[in-house]
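The opening position of the sequence shown corresponds to residue 29 in the working numbering, with each subsequent residue numbered one higher. Each residue gets a CB set at the ideal place from its N, CA and C atoms; glycine is no exception. Keep in mind that this is a model prediction, so the values were computed, not measured. Contents: one structure, followed by commentary.
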Amino acid sequence: MEPSAEVTYRRFAARDVQPARRLSGAVGWAHREEDWEFVRALGSGWVAMAEGEVRGTALTWRHDSRYGSIGMVIVEPGWQGRGIGRQLVERALLTLGDRSLTLNGTREGRRMYERLGFRVVGTLEQHQGAPGNVPPTKLGRGERLRPVGASDVPRLVKLGLAASGLRRAKLMHALLAVSEGIALDRGDETVGFALCRRFGHGRVVGPVVAPDAVRAQALIGHWAAVHAGTFLRTDVDRALGLGPWLAELGMPEVDAALTMVRGEAPGRRGDVTAFSVVNQALG
Ligand SMILES: CC(C)(COP(=O)(O)OP(=O)(O)OC[C@H]1O[C@@H](n2cnc3c(N)ncnc32)[C@H](O)[C@@H]1OP(=O)(O)O)[C@@H](O)C(=O)NCCC(=O)NCCS
């Protein structure tokens, strides 16, 4: 490229999904066009244009009036190191106003985000593979797994809020339209769930919300058994310790992202925990 080539910025439009997929493929991300469309439809974003082509992307999501996220920040390899990433993230920050923000960033992006006021608060492990023998997990008395139905949306939104501090009803509706789901009931109460949907090279399990690690294993183990021998991914918070169990299942850690926050981190509000995220972008 010409070093002097002009770079302009405009809002991300539906027609940008196809070039955006080309960029994510160029940096080794597995997203299909459908995966881009899913995240785009839930938020908004920016593209960097040069020589008539999309050279960079950044998406934003407003979870509520207090919290938001940034993700899918990519600059085409031949155009990196010229300030495009920073320009895109600065525009994303303006879109999100004074909300506190979270993101899961690569090591490559760390310095850029730190200079823009983000700090590292954790690590998100990317686990994937074709799960093999799934040992059955023993549930407690009165506990059972059952399929999730459309009428579960309010319950799942409530559990999501308890686990993450975010009330994300629109996201839950969108997820249930493309996911299979399993819920963990204890007596009359639903105390956990795990969704599974097509993504990238196969399927992804997430979000997973559970009262503890044993129940999270029962929920993830359900999908590992249903889809045994096929490509399955899940992204888990390292601090919660599921990594070795997933590796034994045939889903080793293949990469890790840094969880970063700008402002105040949304906090858990109940006695359940988010073990796996929806995806790295949405958290
Ligand atoms: C991360 C990424 C978006 C940065 O885009 P970019 O256009 O190259 O970044 P910029 O030129 O705006 O540089 C931003 C800052 O990061 C620093 N930086 C850029 N590339 C770097 C690298 N390879 N290693 C360390 N720091 C780097 C720059 O010095 C700059 O700091 P400054 O603004 O204080 O001078 C780009 O490298 C990329 O697309 N990587 C692959 C996908 C990815 O990892 N995305 C982030 C996921 S959240």
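Which residues in the same chain as residue i place their Cβ atom closer than 7 Å to its Cβ, once the five residues preceding and following it in sequence are excluded?
{"i": "A54", "result": "E104, P105"}
Between which two residues does the alpha helix (DSSP H) containing residue i stretch?
{"i": "V232", "result": "Where V232 is concerned, there is no enclosing alpha helix (DSSP H), although the beta strand (DSSP E) it sits in stretches over 230 to 238."}
{"i": "V45", "result": "45 to 54"}
{"i": "H155", "result": "H155 -> not in any alpha helix (DSSP H); beta strand (DSSP E) instead, spanning 147 to 157."}
{"i": "R119", "result": "112 to 123"}
{"i": "F66", "result": "61 to 69"}
{"i": "A205", "result": "197 to 206"}
Please list, in chain order, all residues of the same chain as residue i whose beta carbon is under 6 Å from its beta carbon, the five residues on each side excluded.
{"i": "V206", "result": "R225"}
{"i": "A42", "result": "none"}
{"i": "A253", "result": "V162"}
{"i": "D283", "result": "Q154"}
Kindly indicate which residue of the options has the alpha-carbon position closest to the one of residue i.
{"i": "R172", "options": "G160, H155, R49, L247", "result": "L247"}
{"i": "V149", "options": "A33, L129, S32, V117", "result": "L129"}
{"i": "G9", "options": "A202, P47, R261", "result": "The chain is shown only over 29 to 311; residue 9 falls outside these bounds and no answer can be derived."}
{"i": "S93", "options": "G215, G220, D265, G193", "result": "G193"}
{"i": "V306", "options": "L199, V82, G96", "result": "L199"}
{"i": "G160", "options": "G137, T262, G278", "result": "G278"}
{"i": "G109", "options": "W89, M140, G96", "result": "M140"}
{"i": "G220", "options": "T123, D299, G295", "result": "D299"}
{"i": "N132", "options": "R296, A293, R297, A285", "result": "A285"}
{"i": "A33", "options": "E65, L51, R50, G111", "result": "G111"}
{"i": "A86", "options": "T218, I102, A78", "result": "I102"}
{"i": "V75", "options": "G99, D63, A58", "result": "G99"}
{"i": "G84", "options": "R50, A293, G209", "result": "R50"}
{"i": "E292", "options": "R243, L116, G96, D263", "result": "G96"}
{"i": "D180", "options": "W251, T134, L212, R138", "result": "L212"}
Using a Cβ-Cβ cut-off of 8 Å (strictly less than) and excluding sequence neighbours within five positions of residue i, which residues of its own chain qualify?
{"i": "E281", "result": "E153, Q154, H155, G271, L274, A275"}
{"i": "T258", "result": "A158, G230, R231"}
Compute the Euclidean distance between the alpha carbons of residue i and residue j, then round it to the nearest angstrom.
{"i": "T301", "j": "A267", "result": "11 Å"}
{"i": "R195", "j": "L189", "result": "5 Å"}
{"i": "P164", "j": "A69", "result": "37 Å"}
{"i": "E118", "j": "G168", "result": "49 Å"}
{"i": "V23", "j": "D44", "result": "What is shown of the chain runs 29 to 311, which leaves residue 23 out entirely."}
{"i": "F303", "j": "T218", "result": "16 Å"}
{"i": "G73", "j": "Y37", "result": "10 Å"}
{"i": "G269", "j": "G215", "result": "27 Å"}
Starting from residue i and walking both ways along the beta strand (DSSP E), at which residues does that stretch end?
{"i": "S128", "result": "128 to 133"}
{"i": "R174", "result": "171 to 175"}
Under 5 Å, CB to nearest heavy atom of ligand 1: contacting residues: Residues with a Cβ closer than 5 Å to any heavy atom of ligand 1, in chain order: V55, V101, I102, V103, Q108, G109, G111, I112, G113, R114, G133, T134, E136, G137, R139, M140, R143.
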